[in-house]
Structure formats: structure tokens, C-alpha cells
């Protein structure tokens, strides 16, 4: 009875999700044609202020409305390229033209790192036992990681690591700043962006221990010698643990809004919902919940549609992104408290030799600032406050944080 109900709910979820993806593809096309008209009243202030100013139209207040007229070419069911699987709408493309996601992909490359574990058999979906699409399959030997590099390889390397949930794309404004004096590299974790998203239990289970273990081979592949590492959000404890095991490979650590206090050890409801039984499977296949809401609910700003399309793309093109999100959320819910406690112990140790700086966006709606200043003072780590930034600091004020990172790293050269 319970199993039957579960299957009915998942069937409904899949039908709903595919319908939503279809609708979003149409909306995105319509939005791109009319976005300039609708956003004439928004003005970007100076980078030092880092916020948006709304200049209201005269007369009564009006809300932004996006027309959704479906024309024949809006939804390319016969798109020339299809990367979708059974859990996504056909093709996963907004239009035949180059999208912001396509342009970002062109800037990067795929590198192979971290050995695939397991028997190597084809991944099957957990409900019906059907073989999953290519997006849910692991590589035969090593996992594929998407990386974007900027700057000369002769310069010191800086590794930019995104948080949960996010992508390397979040550092797009930071890369050009650092490239002037450094070899900057941003990559997508397994399960995110353009990197592999293997089905859980088929080569990678998305545990925090596995992420720690996988990092060494990635660093060896893209950076080589001693590196400076910048990491944001909930993946910070993973990086601190890696640095504690391999201190000879890490020169500097810059932590952007890391979970530093005991209160930070629990995921916010926006993220923890993906770990729930039934609802987790359903919501992780919803592109709006998995990308847009997760990225905009933690700070003071709304994301531009072109940027939202890049973050949304993995969840539109393959159900594997949702399955990975579901698995990572469950791992975080289970392991985060232990990792946060371990990180606090490591950073508070008087024998900790790696220069560590904490940058904190004070308009973070997920992690409270309470206790952060006290911890940094007691552990003798520099704290840099960003009053106008939210949880995703590099997304909210990329140029500013790029200059801060460059300045912090240059002190120890």
C-alpha cells in the first residue's frame, strides 16, 4: 500500500516537473525578448554600495508581469541537441541560439579526477529499476569535473570553490580580478553544474568524506603545487578538513560565510526540505526550488534572469541533478554538525599554521552573525565584514570580494 502510494506520488511529481520545465522553457524565451522593457526602472548602484535601487514609475505601483505566449518555436521539442534523460523535458534547451549557460561552458574545460568506485554497472533509477540517461552515469575510470581557468599558470594558483547549492559560475566576477596576478581556477563539485552527477550508490554517494577524498586529485590536476583556497558556505568544513590533512598543499584559506557556530550546524529549511522523505525527491526535481529559490532566499538581492538560467540549466536538462541534490542534502543533514564541530576545533588550535581569513556577508538570511566575531577573535583569524552582501558573497559583490581575496593572499607572498 505504502509502496503503491509512493509510486503514484513520484509519477505525479515527474509529470508535474516535466510540465514545469516545459513552461519555464517558454517563459525564459518570452522573458529574454521582453526583459529590457520590464527592467527599465532598475538601476545598479556603484560596486562599493553593492545593491539595487528601484526607481518607481509615476502613478500607482505596478508589479512585474511576464507574458507567456507559446509560439511554435518557443519550445524546441525537436531541438538539434538533446542532453535530457527520462526525468527532464526533451532537449532541455530554451532556444536554438547560444544561451548564457552555453557561453559559460565555452570558457571552461573538462578534467578527469578521482577514481570511480563500485562495480561499474549502469546506474538505474531507484523506483522502477530502469537504466538512467547518460547524465546519471559515471565515467568508466575517473570522474569528469568542469573547470574554468583564468590567468597565467606561471602565477601562484588560487582555487575557488563554490558552496551548497551553487556552481563555479558564482565566481564569474571574481576570476577576472584574480587573473591579473594569479592563476585562478573555479570548478563544479560532483553533482553540480557541468561536472558528473552519478546516481548515488553507482560510484559516488555524495558523503562529506567522499568530497574531502576527491579534492586532492582535483587539486593535483588543475593546480599542482601549494595553492590558496577560497571556499563559500556549507562546503567550508570539507575544505578545512582537507587542509588539516594536507597542510603542505595549502598556503592560504579564505572562508566566505562558513558555518562557524553551533547554531550553523543545521541546514536552513530551504535546503533541508530536499532531504525529506518523498518531498525531497519531489522538490529536488523542481528547477525553481532547486536553483532559483535556493540561491535567492539567503540574501537581499534578486538574480538577473540570464544568471538564473545558468544555475537552472542542470535541473532542466537532467533528473540526475535533482537526485544528486537529494543525496547531498541528506549527507549534509547527517554529517554537518560533526564537520562544523571539527572545523571549529581545527581553526581554534594554536598549532594551526595556515593563514585563515573569514569574509562575512552580514545580510545572510541562513547563517546568523551571532558568535562569528567572537570566534574569529578567540582563534586569532582575520574577519572582514561585508555589510551589503548575503550568504553568497561572491554572487552579491563579486568584484569587491575579488579585490579582498587578492589583497589577503598578497600579504603572505
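In mature numbering (1 follows the signal peptide of the UniProt record, and there is no 0), the protein residues as written are -19 to -1, 1 to 394.
All C-beta atoms in this analysis are idealised placements derived from N, C-alpha and C, irrespective of residue type, glycine included.
How would you write the range of the beta strand (DSSP E) that residue i sits in, first residue to last?
i           : result
residue 406 : Outside the modelled stretch of the chain, which goes from -19 to 394, sits residue 406, for which no answer is possible.
residue 156 : No beta strand (DSSP E) holds residue 156; the alpha helix (DSSP H) holding it covers 156 to 159.
residue 366 : 363 to 367
residue 94  : 90 to 96
residue 201 : No beta strand (DSSP E) holds residue 201; the alpha helix (DSSP H) holding it covers 189 to 203.
residue 264 : Element bounds for residue 264: not the beta strand (DSSP E) but the alpha helix (DSSP H), 260 to 264.
residue 138 : 138 to 142
residue 209 : 208 to 213
residue 168 : 164 to 168
residue 232 : 231 to 237
Could you compute how far the alpha carbon of residue i sits from the alpha carbon of residue j?
i           : j           : result
residue 324 : residue 260 : 31 Å
residue 167 : residue 373 : 15 Å
residue 160 : residue 153 : 11 Å
residue 217 : residue 192 : 11 Å
residue 320 : residue 147 : 20 Å
residue 93  : residue 163 : 23 Å
residue 71  : residue 149 : Residue placement at residue 71 is poorly supported in this model, since its pLDDT is 34, which falls under 50; the coordinates are not used for a value here.
residue 347 : residue 145 : 12 Å
residue 257 : residue 175 : 26 Å
residue 384 : residue 139 : 13 Å
residue 278 : residue 136 : 37 Å
residue 270 : residue 326 : 34 Å
residue 387 : residue 290 : 29 Å
residue 312 : residue 299 : 21 Å
residue 322 : residue 359 : 16 Å
residue 365 : residue 84  : 33 Å
residue 230 : residue 204 : 10 Å
residue 266 : residue 301 : 9 Å
residue 180 : residue 296 : 14 Å
residue 264 : residue 272 : 11 Å
residue 112 : residue 391 : 50 Å
residue 339 : residue 363 : 6 Å
residue 128 : residue 86  : 9 Å
residue 403 : residue 345 : Outside the displayed span of the chain (-19 to 394) sits residue 403, for which this structure offers no information.
residue 367 : residue 354 : 13 Å
residue 328 : residue 245 : 16 Å
residue 294 : residue 309 : 18 Å
residue 389 : residue 143 : 19 Å
residue 151 : residue 332 : 33 Å
residue 361 : residue 330 : 10 Å
Residue i by DSSP, collapsed to three states: which one?
i           : result
residue 341 : strand
residue -15 : With a pLDDT of 45 at residue -15, under the threshold of 50, the modelled position of this residue cannot be trusted; read the value that follows with caution. It is helical.
residue 370 : coil
residue 348 : coil
residue 272 : helix
residue 182 : coil
residue 297 : helix
residue 277 : helix
residue 375 : helix
residue 241 : coil
Check whether the Cβ atoms of residue i and residue j sit closer than 9 Å, and answer yes or no.
i           : j           : result
residue 371 : residue 280 : yes
residue 219 : residue 196 : yes
residue 198 : residue 95  : yes
residue 237 : residue 342 : yes
residue 89  : residue 243 : no
residue 221 : residue 239 : yes
residue 336 : residue 234 : yes
residue 134 : residue 316 : no
residue 177 : residue 126 : yes
residue 81  : residue 377 : no
residue 393 : residue 232 : yes
residue 292 : residue 306 : no
So residue i is in the alpha helix (DSSP H); what residue range does that whole segment cover?
i           : result
residue 308 : 300 to 329
residue 220 : 217 to 226
residue 251 : 250 to 253
residue 173 : First-last for residue 173: undefined, no H or E at that position.
residue 386 : 379 to 392
residue 359 : 353 to 360
residue 147 : Counting along the chain, residue 147 falls outside any alpha helix (DSSP H), and DSSP gives it neither H nor E.
residue 87  : 81 to 87
Is any non-hydrogen atom of the ligand SAH found closer than 8 Å to the C-beta of residue i, if you look at the structure I gave you?
i           : result
residue 307 : For the ligand SAH, the structure offers nothing, since it holds no ligand at all.
Under 8 Å: do the segment 205 to 212 and the segment 177 to 185 share three or more Cβ pairs, one atom per stretch? Cβ pair count under 8 Å is below three, so no.
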